[in-house]
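Working notes, structure below.
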Amino acid sequence: MGHHGWQGNPPGTEDAARRRIVEAATACIDRTGLAKVSLSDVANELGVTRQTVYRYYPSLNDILGAVAQAGVDDFAERMEQHLSGFHTAQDVAVESIVFAVRTVPNERYLSLLVQASETDFFTAGATSSEAFQVGARILRNVPVDWEEAGVASDEELASLAEVLMRLFISLLQFPAAPPRTDDQLRSLVRRWIGPALTA
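Per the working numbering, residue 608 is the first one in the sequence shown, and the count goes up by one each step.
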């Protein structure tokens, strides 16, 4: 499995190797900042060659994507808690956008996705079927009668999650100038998304 090196403590499985690489990348980012991290830095942190790292992640962007992904579950849990205070489909849709736009840039590792917007791994990761399923799970767990709002199936809920996620990706990557306040953002989303969620 190419575990030569690893500071004398080789991982036992490929999953363990991937975790170690993500941990090493996280340590490098914490020490030098995102802009200065290279794949060589990650390899040096682990005590392995770059070729060893390449066996598990094809590029630095893939590693950074994995670092960001590690923060997704915590973020999703906090979003779900935030949305639990709203009880209409329109409110949940609007507040999910506002929460994501305001929170993601301040997330220590999720913000990597935004900072690295010159690459495509942000869009690829956040618009994957897995990401849409996470979004659908969040929506499913909030106290809203989705059928009453015209969202009649799990497939439609996943489609709604996709639309909302694509919208907040666009708002994150291409913010308005001058920036919108939270209330202005709420008004924008409610005007154009709200009518679709009215029975």
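All C-beta atoms in this analysis are idealised placements derived from N, C-alpha and C, irrespective of residue type, glycine included.
On a predicted model such as this, the values are computed, not experimentally measured, just so you know.
{"Item": "Helix, strand or coil for Y663? Go by DSSP, reduced to three states.", "Value": "helix"}
{"Item": "Quick check: V741 and A677, are their CB atoms within less than 8 angstroms of each other?", "Value": "no"}
{"Item": "When the Cβ atoms of the stretch 688-708 are set against those of the stretch 741-754, are three or more pairs found closer than 8 angstroms?", "Value": "yes"}
{"Item": "Going by C-alpha to C-alpha distance, which of L667, T805, P782 and T633 sits closest to P712?", "Value": "P782"}
{"Item": "When we look at the beta-carbon of G619 and count the other beta-carbons within 10 Å, is it buried (16 or more) or exposed?", "Value": "exposed"}
{"Item": "In angstroms, rounded to a whole number, what distance separates the CA positions of G640 and L653?", "Value": "18 angstroms"}
{"Item": "Under the three-state reduction of DSSP, which class applies to W753: helix, strand or coil?", "Value": "coil"}
{"Item": "Buried or exposed: D727, going by 16 or more other Cβ atoms within 10 Å of its Cβ?", "Value": "Low local confidence applies: a pLDDT of 47 at D727 is under 50, so the model's placement there is unreliable, with the coordinate-based value given in what follows. The residue is exposed, with fewer than 16 neighbouring Cβ atoms inside 10 Å."}
{"Item": "My assumption, with CB atoms under 8 angstroms, is that G615 sits in contact with T659. Please give the rounded CB distance.", "Value": "Going by Cβ atoms, the distance from G615 to T659 rounds to 14 angstroms, so no, they are not a contact pair."}
{"Item": "With distances taken Cα to Cα, identify the nearest neighbour of A623 among A784, Y663 and P785.", "Value": "Y663"}
{"Item": "If we call anything under 8 angstroms between Cβ atoms a contact, is L771 one with V708?", "Value": "no"}
{"Item": "Tell me which residue opens and which closes the alpha helix (DSSP H) that Q697 is part of.", "Value": "A696 to T710"}
{"Item": "I need the DSSP call for P785, collapsed to helix, strand or coil.", "Value": "coil"}
{"Item": "For the alpha helix (DSSP H) containing V770, list its first residue and its last residue.", "Value": "D761 to Q780"}
{"Item": "Output needed for L764: all residues of its chain with C-beta closer than 7 angstroms, excluding positions within five of it in sequence on either side, in chain order.", "Value": "A743, L746, R747, W753 and V758"}
{"Item": "Can you tell me which of the three DSSP states T805 falls into?", "Value": "coil"}
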